[in-house]
Amino acid sequence: MLTVSIIIPSLNSLIINKVVDSVIQQEQFETVRELIIIGKDEAQLIKPATPVQFVETEKPILAAAARNRGISVSTGELIIFLDSDCLAQPGWLAEHIAAHQAGHCVVSGGILPEGNNYWHLSYNLTLFHELLSTNSAESKDFLATLNLSVDRSIIEQIGMMDETINRVEDIDWTTRMRQAGIQPYFWPKAAVYHDHSRHTFKSVWRDCALSGFHMRQLRLRYSGWLNAPKILRYRLLVLLLSPFIAGWATCRILLRRKSISRQFPHTIPAIFLTKIAWCWGAGQANPPQ
1 MLTVSIIIPS LNSLIINKVV DSVIQQEQFE TVRELIIIGK DEAQLIKPAT PVQFVETEKP
61 ILAAAARNRG ISVSTGELII FLDSDCLAQP GWLAEHIAAH QAGHCVVSGG ILPEGNNYWH
121 LSYNLTLFHE LLSTNSAESK DFLATLNLSV DRSIIEQIGM MDETINRVED IDWTTRMRQA
181 GIQPYFWPKA AVYHDHSRHT FKSVWRDCAL SGFHMRQLRL RYSGWLNAPK ILRYRLLVLL
241 LSPFIAGWAT CRILLRRKSI SRQFPHTIPA IFLTKIAWCW GAGQANPPQ
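Dropping the structure here:
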């Protein structure tokens, strides 16, 4: 049986206690050597007790730095990253372990296609349409760290996450793994409920715009590996053609993930708007505020 370290970066998460409880209640939790939480907890919701460890930082740090710090103090053979707004579903831990026992070295679990309100749901569908728990297991070009497991040997080979990158550091990291011949894999049964804080149009717009700004730069850096279209070289053109790009991106999602149009047709306008926001962010010279 693999020994496991679970790392959760948290910046004053208001549900971190629920996240920790969702992990502790997992089948095969006896394999977990340590559950390490890195960051700030001003509400004092974290109750350290074996194997829960809280490493408080002097000041808020980016998620990449928090995860790297967690890696440095962890000891497990398998390292699982979980975000502080993700509630592990029954079987989550056992499925991550099963995926690695099946021969996969870098694995993302699924995200439930659910939400607390219209914008909360739409955000989960538009940002994580490739990682929904209703999708099939398959190889991926890159993965997200909100629900990711990695063999320690892979980190020793590839190195830590790039702490100079914001928001898309997980895509950078897993792309570097693919460059080294390590295939990222999606295992939908290791599912979480993403209970994020974006419940309004304004908060969803801002987040998607920031994703557009940072993702454009990353895709240009790895243009061959991430199939960056040439139009991304011209940010003002992206801005000008944003309605057409957003329409194409929305149609592509609906064609690839037909369950969205069947089960959540009311979210299609919101998905289109999030793609407009992405283009608007990609067209900016500086990160959107």
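For the sequence shown, the positions run 1 to 289 when our numbering is used. All residues carry an ideal CB built from backbone N, CA and C; glycine is no exception.
Contact check, residue i vs residue j under 8 Å by CB: the rounded distance?
i: Trp187; j: His104; result: 7 Å
i: Phe272; j: Thr250; result: 5 Å
i: Leu232; j: Trp280; result: 14 Å between Cβ atoms; not a contact.
i: Gly110; j: Ala190; result: 7 Å
i: Gln53; j: Leu35; result: 7 Å
i: Pro287; j: Leu220; result: The Cβ separation is near 16 Å, so there is no contact.
i: Val32; j: Pro51; result: 6 Å
i: Trp119; j: Val204; result: 5 Å
i: Asp195; j: Ile15; result: 6 Å
i: Arg152; j: Gly76; result: 7 Å
i: Ile245; j: Leu254; result: With a Cβ gap of about 15 Å, Ile245 and Leu254 do not count as contacting.
i: Gln89; j: Val4; result: Gln89 to Val4, Cβ: 17 Å. No contact.
i: Ala99; j: Tyr185; result: 7 Å
i: Met161; j: Glu169; result: 5 Å
i: Arg257; j: Leu132; result: 7 Å
Considering only C-alpha positions, which residue in the set the options is nearest to residue i?
i: Met1; options: Asn12, Phe29, Ile16 and Pro9; result: Phe29
i: Ile158; options: His120, Tyr234, His214 and Gly181; result: Gly181
i: Leu87; options: Glu114, Ile36, His120 and Lys18; result: Lys18
i: His96; options: Lys275, Asn147, Thr267 and His266; result: Asn147
i: Arg252; options: Lys275, Leu241 and Val4; result: Lys275
i: Asp41; options: Leu78, Thr31, Lys59 and Met161; result: Lys59
i: Asp21; options: Lys47, Ser5 and Asn166; result: Lys47
i: Lys140; options: Ser72, Glu27 and Thr174; result: Thr174
i: Ile80; options: Ile245, Glu156, Val150 and Asn286; result: Val150
i: Ala228; options: Arg235, Arg216, Leu236 and Thr164; result: Arg216
i: Gly247; options: Tyr222, Leu236, Ser259 and Ala270; result: Ala270
i: Thr267; options: Ser122, Leu112, Tyr234 and Ala98; result: Ser122
i: Arg167; options: Leu127, Val4, Ser108 and Gln183; result: Leu127
i: Gln179; options: Pro113, Arg262, Pro90 and Tyr222; result: Tyr222
i: Thr200; options: Asn124, Met161 and Ser72; result: Asn124
i: Ser242; options: Arg256, Ala282 and Asp207; result: Ala282
i: Ala102; options: Ala137, Thr164 and Pro113; result: Ala137
i: Val107; options: Pro113, Asn117 and Ala94; result: Ala94
i: Met177; options: Arg262, Lys230, Leu143 and Ser133; result: Leu143
i: Leu226; options: Leu82, Asp172 and Glu163; result: Asp172
i: Glu156; options: Gln289, Glu163 and Ser72; result: Ser72
i: Ile154; options: Gln183, Ile165 and Glu56; result: Gln183
i: Gln284; options: Gly224, His214, Arg262 and Lys230; result: His214
i: Gln289; options: Gly224, Cys208 and Arg262; result: Cys208
i: Leu112; options: Glu56, Ile61 and Thr134; result: Thr134
i: Thr164; options: Ile61, Arg206, Asn117 and Leu82; result: Ile61
Can you say whether residue i is buried or exposed, counting buried as having 16 or more other CB atoms within 10 angstroms of its CB?
i: Gly212; result: buried
i: Thr145; result: buried
i: Ser84; result: buried
i: Leu218; result: buried
i: Gln26; result: buried
i: Ser74; result: buried
i: Ser13; result: buried
i: Arg198; result: buried
i: Gly39; result: buried
Chain C beta carbons: is any one of them nearer than 7 Å to that of residue i?
i: His129; result: Any reference to chain C falls outside this structure, which holds one protein chain only.
Next item on the list: Could I get the ranges of all uninterrupted alpha helix (DSSP H) runs contained in the stretch 193-242, with 4 residues as the minimum, in chain order?
Entry: Whole alpha helix (DSSP H) segments, 4+ residues: 201-221 and 235-240.
Next item on the list: Report the residue ranges of all beta strand (DSSP E) runs contained in full by the stretch 142-192; include only those spanning at least 3 residues, in chain order.
Entry: Uninterrupted beta strand (DSSP E) stretches at least 3 residues long and entirely within the stretch 142-192 occur at 147-151, given in chain order.
Next item on the list: Pair every Cβ in the stretch 61-80 with every Cβ in the stretch 7-25, then say whether three or more of these pairs are closer than 8 Å.
Entry: Segments in contact, yes.
Next item on the list: Note down, one range per segment and in chain order, each beta strand (DSSP E) of at least 3 residues found wholly within the stretch 19-77.
Entry: Here the runs fully enclosed are 32-40 and 52-56.
Checklist line | Segments assigned alpha helix (DSSP H), at least 4 residues, entirely inside the stretch 86-137 | finding: List check, alpha helix (DSSP H) in window: 92-101 and 118-127.
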